[in-house]
Amino acid sequence: MRNNLEIKCAKKTFGSGKDKKLILNSLNLTIPIGKIYCLLGASGSGKSTLISCILGVKRLDSGCIKILQEKVTDKHSLRLINSIGYMPQEPALSPTMTVKETLEFFANISQMNMSLFDNRYKMLAKMFKLPADDVLIENLSGGEKKRVSLTVALIHDPELLILDEPTIGLDIVICQKIWNFLRQSINSNCNLSVLMTTHYPHEAEKAHICGFMRNGKLLVEDIPKNIVESLNVHNLDEAILGLCNSESNDEVPLNFMQISRNAGHYKEIVNLVSTRKLLEMQTLSALLVKKLQWIKRTKKLTFMVILLPIIQFYLMCLTIGRPLTDIALGIFNGENINCTAGNFTYDCRSKGLSCLFIDTISDKVFRKIFHTDFDDAFMEARVGNVMMDIPSNFTDELMKTSGQKDTENYIKIYLDQTNIVQYQFAKFELMRAYGDFIGNVKAKCNRSLIYYQNQMIFTNENSEKFEESIDFQSSFVSTMYLVMIVISSTIMLALSVNQYKYEMTWNRILLSGVDVYQLLMTEISLSFILATVHAIQTEVLLYFHEDLAAIDDYVSLFGLVVFSSLIGGMIGILGAILFDNFITLSIAMCSIFYVFITGCGWLSPFESMSKYIQLLMKILPSGLPTISFRNVLFKGHTITNQLVYNGFILLMTWILGTILLICVILKNRRYI
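Residue numbering for the sequence shown follows this note's numbering, beginning at 994 and increasing consecutively.
Below is the structure:
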């Protein structure tokens, strides 16, 4: 009789040194064609490890596994994969897909004909009383999920069916229907064999063959009735209990010890690898449709990722880098002129020039508060505002045409330097107002400016004209916008891959014959779609905010955003593969966010860093690309400019390097 599954001399250990533990101990197991084999054993006996080795999730230290008379490492392994139906302990279904979408997905990745699928789906749905086609998996009860999971394992009509504790959580009626279906399937399909694991001896009594595992060994393998009769007990429960007690005392009868097959000692590593072509359209389209359905049904996440850069853009425009207004300016005018009375004149021979200067200061930027007492005015600076002390001889000193000027008669400005932004801004505005004031004096009094340029305590510092430089807001917003593009893509793709772990569908999809690199191609495609959306929304934003940029090359702008979004996506995929749980992944994403924020050059210019830190920050995905982005936005540079193409080269290097690293990791760690 042909065997659908043969395991010979299987050994598997975990750990090393003193912690090394033998999980499978020279185990031999055979399932003939047309038989239901029930594998009994307590938790920790090695049942799940054995199934993992059969499926290729784990590798044997030594031994051989054959499925359908072929070693799973042969070139026909794809046929072997499509000949296996597997139902794990957990449902391992995507909660954002409906019942029918789930079954269509697994049918497609198994290369199943759709007309055959429709017929088989109707039959199985009726037999197992599946919920309606359009019900989401997340809305099903535990038992309903189990039934859908079993249907997934059966939908492509496999020759070897592996069921890991399929009846846990199901009512007795459904359990009986499952057993009836398995027997009917065996009778109608003589090529089918079933391997089922369970904790319950009464379940094993319904199987053709029963095997009992304990401590990695198969203690007995026979027809359930024969086991009961040979041990002279009433049922299989008593037989298993007797075997456990005997095994603990090393008294297992010889006739019940597993007899070793003369299979030799195979040193072959089992690896169930698909030889499927990467560009198989039915499989790729099924994977992509699944991903699009996930996006469709996670609207909050999708909108957050797409809208996050836009929200941040407007939030930063409204809150960061805007010109300061309503700064309290305490004024003590020593010339004793009431500048608010309106009865003074701007006469070069009078003392009204201090009022002319005060009038020149912007009322929009400063809220002028006049004081008659110096100490009261000085308190303005002490509480974080600005104070201006105009000496009594200010006008006289200003109008001197010869001789040495007395600095005691200069205007003194007192600023609170704890708020450096307000300090620099107020200083700049007062200097600009003083420059305008000198111009007015020149016009009214027809005198040379040379005598008026050093009449404030900080006029010795040079400052560029505000209108001729890029303002802080534009520089900051452009830098942070690109960083937010990278971060939002990182979040989206990290959650996308992590969703497989949450659903526990990654391994199940691979065991259905999908190549791990096909899954990677699907995620890269999703990242490219998101990158295109980000690039389009950037072009639209700048169309409505032409005042923020002077762009001559929209292609370079589009490319920078696409590549920045792509590298964010690749980093997200890499993080989701490396980190096993969501909390660790979240911490990693936050760490990446802060590294990118500090490395983009907005908090502190690159020129203020040491040369080694400067080099490190510039080679980050948020370093040189942000410089390129600003040069495209504000200077109209194209990709032919070194400051622009350096960013492109860095981004492409990061993208290709990250993809290569992901491929290396997946080659050695297919199952996550």
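Built from N, CA and C at the ideal position, the CB exists for glycine as well.
Could you tell me whether the Cβ atoms of Ile1648 and Phe1586 are closer together than 8 angstroms?
no
State the start and end residues of the unbroken beta strand (DSSP E) segment that holds Met1080.
Boundaries of the beta strand (DSSP E) around Met1080: Ile1077 to Met1080.
Count the CB pairs spanning the segment 1148-1163 and the segment 1080-1089 that are closer than 8 angstroms, and state whether there are at least three.
yes
Strictly by DSSP, which residues pair up with Ser1019?
BP columns for Ser1019 are empty, so no partner.
Alpha carbon to alpha carbon, how far is Val1379 from Leu1408?
5 angstroms
In this structure, does DSSP put Met1105 in helix, strand or coil?
If DSSP states are grouped into helix, strand and coil, Met1105 belongs with coil.
Which residue from Thr1483, Ile1502, Met1473 and Glu1273 puts its Cα closest to that of Leu1519?
Thr1483
Give a yes or no on whether the minimum CB-CB distance between Trp1647 and chain B is below 8 angstroms.
Judged by its chain identifiers, the structure shown contains no chain B, having just a single protein chain.
Taking the alpha-carbon of Leu1033 as reference, which of Lys1393, Val1358 and Ile1233 has the nearest alpha-carbon?
When Lys1393, Val1358 and Ile1233 are compared, the shortest CA-CA separation from Leu1033 is found for Ile1233.
Sort Arg1176, Ile1060, Lys1122 and Glu1152 by Cα distance to Leu1163 and report the nearest one.
Comparing Cα-Cα distances from Leu1163 to each of Arg1176, Ile1060, Lys1122 and Glu1152, the minimum goes to Lys1122.
What is the residue span of the beta strand (DSSP E) that Arg1176 lies within?
Counting along the chain, Arg1176 falls outside any beta strand (DSSP E), though it belongs to the alpha helix (DSSP H) covering Ile1165 to Ser1181.
Three-state secondary structure (DSSP) at Leu1032?
strand
What does DSSP give as the partner residues of Cys1438 in its beta bridges?
Answer by DSSP bridge pairing: none, since Cys1438 is not bridged.
For Ile1655, tell me which candidate among Val1141, Leu1147, Ala1569 and Met1116 has the shortest Cα-Cα distance.
Ala1569
In chain order, what are the residue ranges of uninterrupted beta strand (DSSP E) at least 3 long that sit wholly in the segment 1501-1562?
none
Which runs of the alpha helix (DSSP H) fall wholly inside the segment 1193-1233 and span at least 4 residues, in chain order?
Within the segment 1193-1233, the complete alpha helix (DSSP H) runs of at least 4 residues are 1194-1197 and 1217-1223.
Can you have a look at Glu1137 and say buried or exposed, based on whether 16 or more other CB atoms are within 10 angstroms of its CB?
buried
Flag this pair as touching only if the segment 1600-1620 and the segment 1578-1585 have three or more C-beta atom pairs under 8 angstroms; answer yes or no.
The segment 1600-1620 is not in contact with the segment 1578-1585.
Would a C-beta distance cut-off of 8 angstroms place Leu1644 and Gly1565 closer than the cut-off?
no
Between Leu1211 and the rest of its own chain, which residues show a CB-CB distance below 8 angstroms, the 5 nearest in sequence each way excluded?
Leu1020, Asn1021, Leu1022, Gly1204, Phe1205 and Gln1251
Would the segment 1181-1196 count as touching the segment 1033-1047 if we require 3 or more Cβ pairs under 8 angstroms?
Output reads yes: the segment 1033-1047 touches the segment 1181-1196.
With the cut-off set at 8 angstroms, would you say Ile1404 and Ile1383 are in Cβ contact?
In contact: Ile1404 and Ile1383 (Cβ atoms closer than 8 angstroms).
Just verifying my parser: in three-state terms, what is the DSSP assignment at Asp1352?
helix
If contacts are defined as beta-carbon pairs under 8 angstroms, then Ser1087 and Thr1498 qualify, I think. What distance do you get, rounded to the angstrom?
Your pair Ser1087 and Thr1498 checks out as a contact, with CB atoms roughly 6 angstroms apart and the cut at 8 angstroms.
Where DSSP assigns a beta bridge to Met1189, which residues make up the other side?
According to DSSP, Met1189 bridges with Cys1031 and Leu1156.
Could you check the C-alpha separation between Leu1504 and Cys1593 for me, to the nearest Å?
Roughly 43 angstroms between the two C-alpha positions.
Where does the unbroken alpha helix (DSSP H) through Arg1623 begin, and where does it stop?
Leu1617 to Phe1627
Which residue's Cα is closest to the Cα of Val1092: Ser1103, Asp1054 and Ser1134?
Ser1134
So which of Thr1631, Ser1621, Leu1567 and Leu1617 has the shortest CA-CA distance to Ile1652?
Leu1567
My guess is that Lys1170 and Met1120 are in contact by the Cβ rule of under 8 angstroms, so how many angstroms apart are they, rounded?
Going by Cβ atoms, the distance from Lys1170 to Met1120 rounds to 7 angstroms, so yes, they are a contact pair.
Give me the DSSP bridge partner(s) of Ala1003.
Leu1020
So the alpha helix (DSSP H) Asp1389 belongs to, where does it begin and stop?
Phe1387 to Leu1391
Where do the ends of the beta strand (DSSP E) carrying Ile1362 lie?
Taken as a continuous stretch (DSSP letters only), the beta strand (DSSP E) holding Ile1362 covers Phe1359 to His1364.
Is the beta carbon of Lys1028 less than 8 angstroms from the beta carbon of Ile1202?
yes
How should Leu1247 be labelled, buried or exposed, when 16 other C-beta atoms within 10 angstroms of its C-beta is the threshold for buried?
Note on Leu1247: pLDDT 38, under 50, position unreliable in the model; the coordinate value appears next. Leu1247 is exposed by the Cβ-count criterion.
May I have the straight-line CA-CA distance separating Tyr1547 from Tyr1416, to the nearest angstrom?
38 angstroms
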